[in-house]
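First to last, the sequence lines map onto chains X and R.
Residues in the first sequence are numbered from 6 upward in steps of one, following our numbering.
Residues in the second sequence are numbered from 129 upward in steps of one, following our numbering.
Take a look at the structure below.
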Amino acid sequence: MRSLHFTQPLMALAMVGLIASGAAVAKAKHATKPIAEAKQAAPALTKAKQTINIAYLTQEQAAPAALSNLDPFIKDKGVIGAELGIADNNTTGEFTGQQYALKKFIVPLSGNVADTFTKEIANKFQWLVLNLPDGQINPLADLPAAQAMLVFDVASSDDSLRNSGCRRNVLHLLPSRAMRADALAQYMMKKRWTKWFLVIGAAPEDRLYAEAIKRAAKRFGIEIVAEKTWEHTFDARRTVQSDVAVFTQVDDYDVLVVADEQGQFGEYLDYRTWNPRPVIGTQGLIATAWHPTHEQWGATQIQNRFKDTAGRWMTEPDYAAYLAVRAIGEAATRTAASDLKPIKDYLLGPAFALQGYKGNPLSFRSWDGQLRQPVLLAAPRSMVGVAPIEGFLHPKTELDTLGFDQPDTQCKWEQK
Amino acid sequence: MTKKILSYGLWALLLASTAQAETVFVTLEKDNALAVVDPIAGKLTATVPVGQRPRGIAISPDNKLLYIATSDDNTIRIIDTNTLKEVGKLPSGDDPETFALNPAGDRLYVSNEDDSRVTVIDIAKKKAIKEIKVGVEPEGITVSPDNQWLASASETTNMVHWIDTKTNTIVDNTLVDPRPRAMSFTADSQQLWVTSEMAGTLMILDVKTRQIIKTIKLEVQGVTSDKVQPVGVVIDSKRGKGYVALGPANRVAVINAQTFAVENVLLVGQRVWNLAFSPDQKRLYTTNGISNDISIIDLDSATVTKSLGVGTYPWGVAVKP
Chain X
6 MRSLHFTQPL MALAMVGLIA SGAAVAKAKH ATKPIAEAKQ AAPALTKAKQ TINIAYLTQE
66 QAAPAALSNL DPFIKDKGVI GAELGIADNN TTGEFTGQQY ALKKFIVPLS GNVADTFTKE
126 IANKFQWLVL NLPDGQINPL ADLPAAQAML VFDVASSDDS LRNSGCRRNV LHLLPSRAMR
186 ADALAQYMMK KRWTKWFLVI GAAPEDRLYA EAIKRAAKRF GIEIVAEKTW EHTFDARRTV
246 QSDVAVFTQV DDYDVLVVAD EQGQFGEYLD YRTWNPRPVI GTQGLIATAW HPTHEQWGAT
306 QIQNRFKDTA GRWMTEPDYA AYLAVRAIGE AATRTAASDL KPIKDYLLGP AFALQGYKGN
366 PLSFRSWDGQ LRQPVLLAAP RSMVGVAPIE GFLHPKTELD TLGFDQPDTQ CKWEQK
Chain R
129 MTKKILSYGL WALLLASTAQ AETVFVTLEK DNALAVVDPI AGKLTATVPV GQRPRGIAIS
189 PDNKLLYIAT SDDNTIRIID TNTLKEVGKL PSGDDPETFA LNPAGDRLYV SNEDDSRVTV
249 IDIAKKKAIK EIKVGVEPEG ITVSPDNQWL ASASETTNMV HWIDTKTNTI VDNTLVDPRP
309 RAMSFTADSQ QLWVTSEMAG TLMILDVKTR QIIKTIKLEV QGVTSDKVQP VGVVIDSKRG
369 KGYVALGPAN RVAVINAQTF AVENVLLVGQ RVWNLAFSPD QKRLYTTNGI SNDISIIDLD
429 SATVTKSLGV GTYPWGVAVK P
């Protein structure tokens with residue numbers, strides 16, 4: 006797209022400028038007083054180079070059963086986000102004398118994650134971006150070598166990992182299920198759609214999602230008028246068309262809340278319910294950290310930059326991994342440090358403010374390591390709202406109206 | 129309401145007798161058009177098609193030409209201010225949004241947000257003569273009135289880059305509050321005012337040391353702090369007062385440019401982004417992206433005298449005496 010036509014003398018001037026340090030600027034024949042008074046060199050040229058090495062650990066996942074072929078299975082969710090974060094950090098690093106490198110460890114489906122960690126990562130890295138299923142996070146974080154590291158969980162939404170199962174060396178980048186449920190509840194309160202019909206899938210994760218929904222309903226005064234579990238059946242006499250209509254004949258409700266994290270049946274509900282009611286939850290109107298329809302607050306720029314490199318839309322783990330790497334970069338820039346202690350202190354301190362393309366600055370909750378962030382409420386083709394919804398107040402920051410606030414937390418990492 | 133109309137009527141009378149005719153040009157991001165406004169009469173006089181997604185706008189020092197970044201056409205168009213016809217185009221790199229014109233009017237500096245670069249354009253030759261690597265997502269860009277400095281702010285790197293206009297190279301960098309958006313030098317070229325959209329602050333930088341000498345947290349009573357997202361900033365030529373557009377807080381803050389106290393907060397249209405003075409600096413024009421209008425502020429009385437619908441998503445504003 007860009008075509009540049011350098012004229013010869015100007016090209017030469019540009020070369021001089023590139024090679025020479027700021028000192029040469031003062032000597033340039035056109036230099037006048039204010040420039041001569043300028044600092045003689047840019048900071049990057051005076052500081053010793055700091056290198057910050059970040060490990061990225063993930064394991065190949067089996068492709069889950071898919072409802073439709075519309076959304077292809079994405080194998081590399083997360084890693085491209087981390088790479089984009091490194092690129093952004095390095096652009097900034099050119100001016101601060103800091104350099105960032107990402108070393109990727111992708112364990113095969115049959116491989117052992119702990120082995121890879123012990124052999125390749127332990128005692129070699131201070132920063133670990135971890136993209137693993139919920140159950141693998143704490144066993145890894147509890148390994149002795151992980152105690153001298155800071156782990157950035159870019160995959161989980163699990164509330165227990167942020168409460169009784171919290172670890173002081175683990176930060177969580179994605180919104181917890183509780184934050185997502187609270188975001189939906191706030192919007193439903195605004196709409197006054199306060200009678201919910203909760204439909205829960207068979208997977209254990211669906212139970213956890215449903216628990217978060219129930220917690221949100223209780224917090225915001227929403228009534229769950231009916232609750233049913235969706236049973237998968239292979240009975241050929243029952244089709245989705247007939248089944249959903251029968252299944253959804255319950256007491257009158259305003260919205261159907263579906264808990265189906267894997268997407269086994271949730272997409273079937275809309276337009277097939279007995280009564281004409283919208284679907285929210287894991288399908289329909291969803292609560293998410295990131296979405297293709299998000300374009301406010303400069304989001305268009307990162308959506309474009311991501312798509313240019315990845316050839317696909319940015320997913321939640323990509324966004325989380327980008328933020329993890331950017332968080333390290335932001336703290337390293339502001340503290341001019343590269344070691345664990347000063348950077349971790351800054352990350353968890355009150356001054357930390359990360360630009361996350363969602364309006365409010367992002368920061369970490371000091372009581373459970375959860376990234377404090379707005380939650381997007383998205384329909385497949387449009388952004389419906391951004392929580393916290395206006396009017397839900399909090400004495401410290403409205404972002405803490407979402408999820409487990411300090412008084413509610415069961416994370417006792419101070420005592421651990 | 130009646131009072132507002134009356135007071136505006138009075139002002140119109142007063143202004144008609146004292147002020148010269150002037151023309152306000154407003155880019156309409158979603159109408160692909162330029163709105164032409166007679167602010168004294170308080171009328172939209174013309175709407176001219178101008179290219180895809182026009183945003184940044186500047187007027188040449190002789191007031192004869194307008195430069196308009198039409199972002200989706202990847203070009204900067206040159207429009208004759210009298211005929212309102214296009215008379216040329218400048219290369220701009222991809223997706224040009226903001227740019228700055230030097231005081232002599234022979235160089236134009238474009239922020240290429242997606243490429244982390246500033247492109248230097250020789251206007252006479254209509255050629256890009258240099259690309260300067262800056263931080264991630266450069267946005268705010270401005271040239272000091274004494275033509276010594278080109279300041280470029282990168283939104284994700286959170287830095288102001290100080291570029292020597294003689295060599296087109298970065299001489300210094302200042303770390304600022306998150307997501308710096310817009311910048312303006314004082315007329316004496318001694319200070320650079322920088323807004324931070326995310327921290328909700330205005331930072332005053334001393335040009336000699338290139339350090340922040342004052343950070344002002346902008347607050348509006350009854351508006352949550354996340355809605356106070358400062359963008360456009362202008363300072364009057366006497367360094368008496370500065371004005372900051374507060375974005376979705378729908379207000380313009382009035383800052384004492386000597387004490388840096390916030391003296392007033394004026395309610396304007398929705399999502400106010402960019403500001404421009406009238407040539408006599410007695411009025412301020414604001415573009416309000418969501419309410420699709422501009423507000424006209426009388427600066428002596430510090431009152432909004434008129435809101436004028438101009439089209440969809442008014443973005444940039446330039447004034448011709």
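C-beta: ideal position from N, C-alpha, C; glycine also.
Exposure label - residue i; buried when at least 16 CB within 10 Å
| i | result |
| --- | --- |
| His-237/X | exposed |
| Gly-216/R | exposed |
| Pro-306/R | buried |
| Glu-65/X | exposed |
| His-289/R | buried |
| Gly-221/R | buried |
| Lys-223/X | exposed |
| Phe-78/X | exposed |
| Asp-426/R | buried |
| Val-251/X | exposed |
| Ala-41/X | Its pLDDT being 37, under 50, Ala-41/X is placed unreliably in this model, and the value from its coordinates should be taken loosely. It is exposed - the Cβ of Ala-41/X has fewer than 16 other Cβ atoms within 10 Å. |
| Asn-128/X | exposed |
| His-35/X | Here His-35/X scores only 39 on pLDDT, less than 50, and its place in the model should not be relied on; the value that follows carries that caveat. Exposed, by the Cβ-count rule. |
| Ile-218/X | buried |
| Ile-341/R | exposed |
| Gln-378/X | buried |
Residue i - partner residues in DSSP beta bridges
| i | result |
| --- | --- |
| His-289/R | Ser-280/R and Asn-301/R |
| Asp-201/X | According to the sequence provided, residue 201/X is Trp. The question's Asp does not apply to it. Ile-229/X and Val-260/X. |
| Asp-334/R | Gln-319/R and Gln-339/R |
| Val-361/R | Val-372/R |
| His-177/X | Asp-158/X and Gln-375/X |
| Thr-247/R | Val-238/R and Glu-259/R |
| Asp-166/R | Lys-171/R |
| Ser-419/R | Bridge partners of Ser-419/R: none, in fact. |
| Leu-290/X | Ile-285/X |
| Thr-405/R | The sequence as given places Phe at residue 405/R; Thr does not occur at that position. Note: Phe-405/R sits in a beta bridge opposite Leu-412/R. |
| Ile-185/R | Ile-196/R |
| Tyr-105/X | Ile-57/X |
| Gly-90/X | Note: Gly-90/X sits in no beta bridge, so no partner. |
| Arg-379/R | Leu-395/R |
| Val-249/X | According to DSSP, Val-249/X bridges with nothing at all. |
C-beta atoms of residue i and residue j nearer than 8 Å
| i | j | result |
| --- | --- | --- |
| Ala-377/R | Val-390/R | no |
| Val-299/R | Gln-319/R | no |
| Ile-424/R | Tyr-441/R | no |
| Tyr-258/X | Trp-201/X | yes |
| Ala-186/X | Ala-221/X | yes |
| Asn-402/R | Val-372/R | no |
| Pro-322/X | Lys-82/X | yes |
| Ala-87/X | Tyr-61/X | yes |
Residue i versus the options, residue with shortest Cα-Cα distance
| i | options | result |
| --- | --- | --- |
| Val-255/X | Glu-266/X, Trp-279/X and Ala-264/X | Trp-279/X |
| Ile-249/R | Ala-404/R, Asp-243/R and Val-238/R | Val-238/R |
| Pro-358/R | Arg-411/R, Ala-232/R, Ser-312/R and Gln-386/R | Ser-312/R |
| Glu-125/X | Arg-173/X, Val-391/X and Ile-59/X | Ile-59/X |
| Ala-279/R | Leu-229/R, Ile-251/R, Asp-243/R and Gly-184/R | Leu-229/R |
| Val-156/X | Ser-165/X, Arg-173/X, Ser-162/X and Arg-167/X | Arg-173/X |
| Asp-76/X | Arg-377/X, Glu-403/X, Leu-352/X and Glu-272/X | Glu-272/X |
| Lys-394/R | Leu-218/R, Val-348/R and Lys-253/R | Note that residue 394/R corresponds to Leu in the displayed sequence, not to Lys. Among Leu-218/R, Val-348/R and Lys-253/R, the Cα nearest to that of Leu-394/R belongs to Val-348/R. |
| Glu-395/X | Thr-199/X, Gln-191/X and Thr-293/X | Gln-191/X |
| Thr-340/X | Gln-103/X, Gly-83/X, Gly-86/X and Ile-218/X | Gln-103/X |
| Lys-366/R | Asn-384/R, Gly-350/R, Lys-355/R and Ala-373/R | Asn-384/R |
| Ser-199/R | Glu-241/R, Thr-173/R and Asp-166/R | Glu-241/R |
| Ile-363/R | Arg-411/R, Ile-251/R and Ala-256/R | Arg-411/R |
| Asp-428/R | Asp-421/R, Ile-422/R, Val-447/R and Ser-406/R | Ser-406/R |
| Asn-191/R | Ile-207/R, Gly-263/R, Pro-182/R and Asp-201/R | Ile-207/R |
Any non-hydrogen atom of the ligand ATP closer than 7 Å to residue i Cβ
| i | result |
| --- | --- |
| Trp-235/X | Among the components modelled here there is no ligand, and therefore nothing to report on the ligand ATP. |
Tell me, please, whether the stretch 137 to 152 of chain X touches the stretch 364 to 374 of chain X by the rule of three or more beta-carbon pairs shorter than 8 Å.
no
Is the stretch 199 to 206 of chain X touching the stretch 259 to 274 of chain X in the sense that three or more CB pairs, one from each, lie closer than 8 Å?
yes
Report yes or no: do three or more beta-carbon pairs, one from the stretch 166 to 182 of chain X and one from the stretch 372 to 387 of chain X, lie closer than 8 Å?
yes
At least three beta-carbon pairs within less than 8 Å, the stretch 342 to 351 of chain X to the stretch 304 to 318 of chain X:
no
Three-pair Cβ contact test at 8 Å for the stretch 291 to 300 of chain X versus the stretch 379 to 386 of chain X:
yes
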